[in-house]
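Chains as they are written, first to last, in my numbering: chain A, 540 to 885; chain B, 540 to 885; chain C, 540 to 885; chain D, 540 to 885. C-beta: ideal position from N, C-alpha, C; glycine also. On a predicted model such as this, the values are computed, not experimentally measured, just so you know.
4 protein chains.
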Amino acid sequence: MKTHKILQAPIPMRWVGPMKLSGHLIEEKLSVPLATYETPLWPSVGRGARISTLCEEGIKVSVIDERMTRSILLEAEDAYAAHQAIQSLKARMDDLNEVVAKSSRFAKLIDINSQVVGNLIYLRLEFTTGDASGHNMVTNAADHLIPWILTEYPHLQYSSISGNYCSDKKATAVNGILGRGKYVVCEILIPRDIVERRLHSTPEKIVDLNIKKNLIGTMIAGGLRSANAHYANMLLAFYLATGQDAANIIEGSQGVVHADVRNGDLYFSCTLPNLIVGSVGNGKGIDFVEENLERLGCRDDREPGANARRLAAICGATVLCGELSLIAAQTNPGELMQSHLQMERK
Amino acid sequence: MKTHKILQAPIPMRWVGPMKLSGHLIEEKLSVPLATYETPLWPSVGRGARISTLCEEGIKVSVIDERMTRSILLEAEDAYAAHQAIQSLKARMDDLNEVVAKSSRFAKLIDINSQVVGNLIYLRLEFTTGDASGHNMVTNAADHLIPWILTEYPHLQYSSISGNYCSDKKATAVNGILGRGKYVVCEILIPRDIVERRLHSTPEKIVDLNIKKNLIGTMIAGGLRSANAHYANMLLAFYLATGQDAANIIEGSQGVVHADVRNGDLYFSCTLPNLIVGSVGNGKGIDFVEENLERLGCRDDREPGANARRLAAICGATVLCGELSLIAAQTNPGELMQSHLQMERK
Amino acid sequence: MKTHKILQAPIPMRWVGPMKLSGHLIEEKLSVPLATYETPLWPSVGRGARISTLCEEGIKVSVIDERMTRSILLEAEDAYAAHQAIQSLKARMDDLNEVVAKSSRFAKLIDINSQVVGNLIYLRLEFTTGDASGHNMVTNAADHLIPWILTEYPHLQYSSISGNYCSDKKATAVNGILGRGKYVVCEILIPRDIVERRLHSTPEKIVDLNIKKNLIGTMIAGGLRSANAHYANMLLAFYLATGQDAANIIEGSQGVVHADVRNGDLYFSCTLPNLIVGSVGNGKGIDFVEENLERLGCRDDREPGANARRLAAICGATVLCGELSLIAAQTNPGELMQSHLQMERK
Amino acid sequence: MKTHKILQAPIPMRWVGPMKLSGHLIEEKLSVPLATYETPLWPSVGRGARISTLCEEGIKVSVIDERMTRSILLEAEDAYAAHQAIQSLKARMDDLNEVVAKSSRFAKLIDINSQVVGNLIYLRLEFTTGDASGHNMVTNAADHLIPWILTEYPHLQYSSISGNYCSDKKATAVNGILGRGKYVVCEILIPRDIVERRLHSTPEKIVDLNIKKNLIGTMIAGGLRSANAHYANMLLAFYLATGQDAANIIEGSQGVVHADVRNGDLYFSCTLPNLIVGSVGNGKGIDFVEENLERLGCRDDREPGANARRLAAICGATVLCGELSLIAAQTNPGELMQSHLQMERK
């Protein structure tokens, strides 16, 4: 075998569903492709999907923000000079966007956040990036901005194209607070009898376990902006099946489950403030990825960004299906292991 | 296309290397398989690998701890009863291991850590698991332990098989502090002239950028036990190519780069306290995975655990290669984007 | 006024209570001194105290662990040498305790935890320290241990008496996970009618607000091992009144409120895993401090450590009183501000 | 002794200095009052202060942001309704400020940040508050805003006056990222010979220890936006002496030391992004507080906010003095303990 030949790592993949989605972006039933070595994930997500089809509004999905970020690192003479340069830059968004426009048709600078540490400047540039997740687009935009900034502000010095205040693929708080990727909230209202018959649990038990495990348990583990059982599993499988940079499950998996008993029924929600997905760009040229995106309806002729938001909505709903199913299973002693064993024996 | 058929998601994969490893576990040159949509990763890791072959000891790898964990969640009458039950359980490791032995030939309970919150008990059971990463093994062990505990301590109540104090696939502090997976440290000493000629940088620039980007930048981003540029990318690609549960890059990517100028040369180290890998178990039956593991020498006839430690060592060295290469690139304005563009045009 | 004269900053102080305590350490009613500029704290804690006297068991307090820590920072040749030195040291607890004994009658080394980063060694030495909070005692013990270690392990080098892995007065996760100070849990069961009549709220409202504010709210704020409304206020006031090093409210305030509706009544608990207090030592020679400690019954003739545990128990109960009162107040729109205004007008 | 009488807790206090300050706010030498039980702090800060007088520009202080926050907690029907309400509110800053104006002459709403979790709304209201630290001012403003919001948006429901996304007196990331209190940066350039003669260290040693202890050590401890040795000590002592709510050292102590060798000299900086201080308001009516504030020149006739910024600048410089002194001491084995012993024997 020659070392430098491009080979393939074929990951097992299955379509799971259908699940039922509603909300401001999407109203339909659809199945999703999940590529993973952890094949018990398929029936687990499948169970959640079936539940959604039994609920009046299914999974209500809201996509309430989107941006991709890159934090460049510059140095000034001292902290006050750093502050003044930042203030000046923030007041010149139009000038900056002119430079950005030369790097891409789609990138648009929408906000700047910053930190000053001693004389160091961490400038978090925040862009909309159309249907792309936007990693390269914002790096390219930053690469155009840096020489312009250094010319306009000759007392500043280059330190790095990325100062880790972006933050890309790290467990940080900044992405949730300032935004990175799509901010997706998925909600479902499940009648009590469906919880009892299909999940072999009760709304009270699920709410209780969410508090003790996802909220308190993660918190005492020293968790950071995270309260869920296994967002990471669904994200990985969905990302691999749709050509996403799956290392972004690091920030994507930092999200919160909030559940509540409402009039005896179960309100269950998954908030994903940092869901990074794109329907075009790197990883998307591969045949099976194209097919999957098309089948998900995310390669249709829509305004820039709409296909990516649709993809984010579907991804979020998939996370909810898997999360609901696992939490319900863990309310019953022995159920988790049994289902793993059954699956593996198949 | 029928929904429930098992399909494949073929991820592009390439062997990269060779890299040179040394240390208490391994002394050889070898290449590694990396499966990823982010193909610029290949030449990036390849550059680091080449550097390693030019250094006297190559990448020195130490694997200094290993364990897999599951935290069960129980409830007592009050906090003091919770405390007393924990104290009693900690004093009965032999009894517990008898129960564990019924669940697996390989699992061995080596430590228990705990937290009490009100009357809740979070019991973090820590096992060695042979050559398996051990997720299912510890779940199964916990599933055997729970009924035994509830019988022996009838005043305790079941709450969950997992209380998120494990912590599996979440950004937390507990894994780094108490251990989960292999604790791997990789170190390299690179002569100044190699840094200058091959990385187009200097030891001073690389040390400086590590401080400002990885240490300070991640910290102000609200990072948690994390100071690196892109561990996640190498982990994902290595995990996919070797049949690992890649969602474990969440905790795996929480690690620290420490660099130093030593007598004019560059000391560069990557510490990975939570590297979860296995050479057997789930995901390993697939043909290309078996081939890759064999070619890496991780399916040889060794004592239980030795193949997995070898795999962890190789994985850690791969992370160092990619990390070194990116940090060096970012010391030069424009270099990162240029190399991405070159790669994509190919 | 001459600069170097020792002056006084007289902080307003009031005794608040009585509150009712029960549990394995203490069964009595007592009042507590609180010194603070934020005088609305007095009636707030007072309200919680009154509630406790109306509950059958009052506030049940458990003190389930105690230790004080200092993390020295050493360097080895490489990571593996670092690991081997640590393993050797952990196997020689008796030898180490001989050295410790020369530094203090009370300090006793009970555990060692460690981290290796590259070739750096962070050695977290954990001691019991009798009735003292123990900051100086452990620094002194470490100061005796360091030369001994450097002699026994001549390939190690000194880097610092403190490597911040202790961690003293910083917001970290290590203290909660490995322990620092007393681990105190306070619980109370409040009959529904008392919640309604005295707190003008309901068990359901208080449980609900604890989830949404203390658990979810703190978590999305990027909180670290923290889920409470204002532990810090009670700790500061109690610390100042009893001669404690009040900068330790940093770690002391990292704790969790867990509340639950039980048979229609309110279960409310405050867990404080890092409560650093001492009944002797620095800050204790001052007259009013001595008087306060005596009146609290924390200067009685008891076995070493018992007075400090008693003090920790009382401090924890005080935190519960204030926390309960504020959470209850915030369930009612306008109540918080109104009570502040009333207090300030007095 | 009657329980409800107001007593006093006289904390030992000393004026320390003079220190030399420069920058956009202040150019002078002055001493500072420090009230603490930890009296070795006085000579420690004193040593740093003396160093500052030997440096050409002394301590250069920049105050680059200020705000006080309160996060109210509301509920909507679902996430999308939550999002729409937030968007509408953010577009009505003038309307909101009209309501705020009724609550205070000084409070001015300058920004709103938000989080949506399921159907929950965390609305972080950010105000300037003149010379007051502003806790009560923003609570009062929020208390006026809530009924107005509930009237204008009748589909929203009250949940709490504070949702912990503020975040007051908790170890979180949000305050550093979005701002709370004054954002203060203090920098000093110390000639090598002064470092050697006065601090018995070298620039290289201090830079090195800052990296290994403050940056790496805190990070592996699971630290959150924190990299310093003991900010908390100086803050506590300064806060008590100037009538501040000292529980705010929780967020105040989350800051970063960045040090560098520059042309052989030592650049040493302390960044404090969350320094909460006020020159008027609660705690300020007490005689010794008034005297201290006057002597610090923080009760002069200036535009609203200027006295508080001056106070923040002085506080920040005090933190730098103590931090520099301790870090330098820890570069030398045994020095820390020795100085404590000397102090206590006095």
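key: Residues in the stretch 791-816 of chain C having any Cβ partner in chain D nearer than 9 Å   = S792 and Q793
Cα-Cα separation, P872 of chain B to A681 of chain A = Position 333 of the second sequence, counted from the start, is the residue given in the question as residue 872 of chain B. Position 142 of the first sequence, counted from the start, is the residue given in the question as residue 681 of chain A. C-alpha separation (whole angstroms): 10 Å.
task = Whole angstroms is fine: what's the gap from V819 of chain A's alpha carbon to D670 of chain A's?
result = Residue mapping note: residue 819 of chain A aligns to position 280 of the first sequence, counting from 1. Residue mapping note: residue 670 of chain A aligns to position 131 of the first sequence, counting from 1. Their backbone Cα atoms lie some 6 Å apart in a straight line.
task = Measure from the C-beta of A845 of chain B to each C-beta in chain C and report whether the shortest distance is under 7 Å.
result = Numbered from its first residue, the second sequence carries residue 845 of chain B at position 306. Chain C, which has no Cβ nearer than 7 Å to the Cβ of A845 of chain B, makes this no.
ask   = Along chain A, in chain order, which residues have C-beta atoms closer than 7 Å to that of H694 of chain D?
value = Taking the fourth sequence and counting its residues from 1, one reaches residue 694 of chain D at position 155. In chain order: nothing, as chain A lies at least about 15 Å away.
request  = Report buried or exposed for R553 of chain D, applying the criterion of at least 16 other Cβ atoms within 10 angstroms of its Cβ.
outcome  = By 1-based counting over the fourth sequence, the position of residue 553 of chain D is 14. Buried, because 16 or more other Cβ atoms sit within 10 Å of the Cβ of R553 of chain D.
ask   = At what residue ranges does the stretch 568-604 of chain B contain a whole run of the alpha helix (DSSP H), taking only runs of 4 or more?
value = 580-592
query = Taking any Cβ of chain C, which residues in the stretch 705-719 of chain D have a Cβ under 9 Å from it, in chain order?
reply = C705, S706, D707, K708, K709, A710, T711, A712, V713, N714, G715 and I716
task = Just tell me which of C:Q547, C:G702 and C:Y806 has its CA closest to the CA of T678 of chain C.
result = The sequence position of residue 678 of chain C within the third sequence is 139, counting from 1. T678 of chain C has its Cα closest to that of C:G702, out of C:Q547, C:G702 and C:Y806.
task = Keeping to the same chain, check which residues put their C-beta closer than 7 Å to that of D839 of chain B; ignore five residues upstream and five downstream.
result = If you number the second sequence from 1, residue 839 of chain B lands on position 300. Once the five neighbours on either side are set aside, the close Cβ partners of D839 of chain B are N846.
query = Does the distance from the CB of Q654 of chain A to the CB of I759 of chain B come in under 7 Å?
reply = Walking along the first sequence from the start, residue 654 of chain A turns up at place 115. Walking along the second sequence from the start, residue 759 of chain B turns up at place 220. Against a cut-off of 7 Å, the Cβ pair of I759 of chain B and Q654 of chain A comes out as a contact.
ask   = Where R849 of chain B and Q626 of chain C are concerned, what is the direct C-alpha to C-alpha distance, given to the nearest angstrom?
value = Along the second sequence, read from residue 1 onward, the residue named residue 849 of chain B stands at position 310. Along the third sequence, read from residue 1 onward, the residue named residue 626 of chain C stands at position 87. Going by the C-alpha atoms only, they are around 21 Å apart.
query = chain A partners of N753 of chain B, CB-CB under 7 Å?
reply = Taking the second sequence and counting its residues from 1, one reaches residue 753 of chain B at position 214. Residues of chain A passing the Cβ test: N703.
query = Looking at the unbroken beta strand (DSSP E) that takes in P557 of chain C, where does it start and where does it end?
reply = Counting from one through the third sequence, the residue named residue 557 of chain C turns up at place 18. Unbroken beta strand (DSSP E) run through P557 of chain C: L546 to G562.
inquiry  = Tell me which residue opens and which closes the beta strand (DSSP E) that Q654 of chain A is part of.
reply    = On the first sequence, position 115 is the one that residue 654 of chain A refers to. Residues K647 to V656.
inquiry  = Judging by CA-CA distance, which residue of A:I660, A:I649, A:I603 and A:V584 is the nearest neighbour of I611 of chain A?
reply    = Walking along the first sequence from the start, residue 611 of chain A turns up at place 72. Residue A:I660 is the option with its Cα nearest to I611 of chain A.
message = For a contact defined as C-beta to C-beta under 7 Å, what are the partners of K599 of chain A on chain D?
response = Numbered from its first residue, the first sequence carries residue 599 of chain A at position 60. Against chain D, a Cβ distance below 7 Å from K599 of chain A picks out D617.
ask   = For K544 of chain C, which residues from the same chain have a beta carbon less than 8 Å from its beta carbon, with the 5 sequence-adjacent residues on both sides left out?
value = Here the question's residue 544 of chain C lines up with position 5 in the third sequence. There are no such residues.
Top-ranked residue by Cα proximity to R764 of chain C, from C:I733, C:D799 and C:A710 = For the purposes of this step, residue 764 of chain C is identified with residue 225 of the third sequence, where counting begins at 1. The option with the nearest alpha carbon to R764 of chain C is C:A710.
query = Relative to chain C, which residues along the stretch 822-842 of chain A have a C-beta separation below 7 Å, given in chain order?
reply = Here the close residues number zero.
query = For G855 of chain B, which residues of its own chain have a beta-carbon under 7 Å away from its beta-carbon, when the five flanking residues on both sides are left out?
reply = Here residue 855 of chain B is taken as the residue at index 316 of the second sequence, counted from 1. The residues are V600, V723, C725, C809, L811 and L814.
ask   = So, is the C-beta of M758 of chain D closer than 7 Å to a C-beta in chain B?
value = Taking the fourth sequence and counting its residues from 1, the one referred to as residue 758 of chain D is at position 219. Closer than 7 Å: yes.
request  = Look at S740 of chain D and A867 of chain D and say whether their C-beta atoms are less than 7 Å apart.
outcome  = Position 201 of the fourth sequence, counting from 1, holds the residue named residue 740 of chain D. Position 328 of the fourth sequence, counting from 1, holds the residue named residue 867 of chain D. Contact: yes.
With 16 other Cβ atoms within 10 Å as the buried cut-off, status of M558 of chain B = To locate residue 558 of chain B, count along the second sequence from 1; it is residue 19. Buried.
request  = Excluding the 5 residues preceding and the 5 following P549 of chain D in the sequence, name in chain order all residues of the same chain whose CB lies nearer than 6 Å to its CB.
outcome  = To locate residue 549 of chain D, count along the fourth sequence from 1; it is residue 10. Cβ within range, chain order: n/a, list empty.
message = Looking at the strands, I want to know which residues DSSP matches up with G720 of chain C.
response = Taking the first residue of the third sequence as position 1, residue 720 of chain C is located at position 181. In DSSP, G720 of chain C forms a bridge with C:R606.
request  = Taking I750 of chain A as the query, report the chain C residues whose CB atoms sit under 8 Å from its CB, ordered along the chain.
outcome  = By 1-based counting over the first sequence, the position of residue 750 of chain A is 211. Near I750 of chain A (Cβ distances below 8 Å), the residues of chain C are I750 and L754.
ask   = With 16 as the cutoff for other CB atoms within 10 Å, does T690 of chain D come out buried or exposed?
value = Taking the fourth sequence and counting its residues from 1, one reaches residue 690 of chain D at position 151. The residue is exposed, with fewer than 16 neighbouring Cβ atoms inside 10 Å.
ask   = Residues bridged to T888 of chain B by DSSP?
value = Examination of residue 888 of chain B is not possible in this model, given that chain B is present from 540 through 885 alone.
request  = Assign P686 of chain D to buried or exposed, taking buried as 16 or more other Cβ atoms, counted over all protein chains shown, within 10 Å of its Cβ.
outcome  = Walking along the fourth sequence from the start, residue 686 of chain D turns up at place 147. So P686 of chain D counts as exposed.
inquiry  = What does DSSP give as the partner residue(s) for D747 of chain A in the beta ladder?
reply    = Looking up residue 747 of chain A in the first sequence gives position 208. None, per the DSSP bridge assignment.
request  = Could you pull out every unbroken alpha helix (DSSP H) segment of at least 4 residues lying fully inside the stretch 648-713 of chain C, listed in chain order?
outcome  = 674-691
key: Buried versus exposed, by CB contacts within 10 Å (16 or more), N886 of chain B   = Since the first residue of chain B shown is 540 and the last is 885, residue 886 of chain B is not available in this structure.
message = Just verifying my parser: in three-state terms, what is the DSSP assignment at Y635 of chain B?
response = Position 96 of the second sequence, counted from the first residue, corresponds to residue 635 of chain B. What sits at residue 635 of chain B in the sequence shown is Leu, not Tyr. Looking at L635 of chain B - three-state DSSP - the assignment turns out to be helix.
message = Below 8 Å on the Cβ atoms is my contact criterion, and I expect A776 of chain D with S792 of chain D to pass it. Report the Cβ-Cβ distance as a whole number of Å.
response = For the purposes of this step, residue 776 of chain D is taken as residue 237 along the fourth sequence, with counting starting at 1. For the purposes of this step, residue 792 of chain D is taken as residue 253 along the fourth sequence, with counting starting at 1. Not a contact, Cβ separation roughly 12 Å.
ask   = Along the chain, where does the alpha helix (DSSP H) that runs through R736 of chain C open and close?
value = The sequence position of residue 736 of chain C within the third sequence is 197, counting from 1. R731 to L738 is the span of the alpha helix (DSSP H), which, as asked, contains R736 of chain C.
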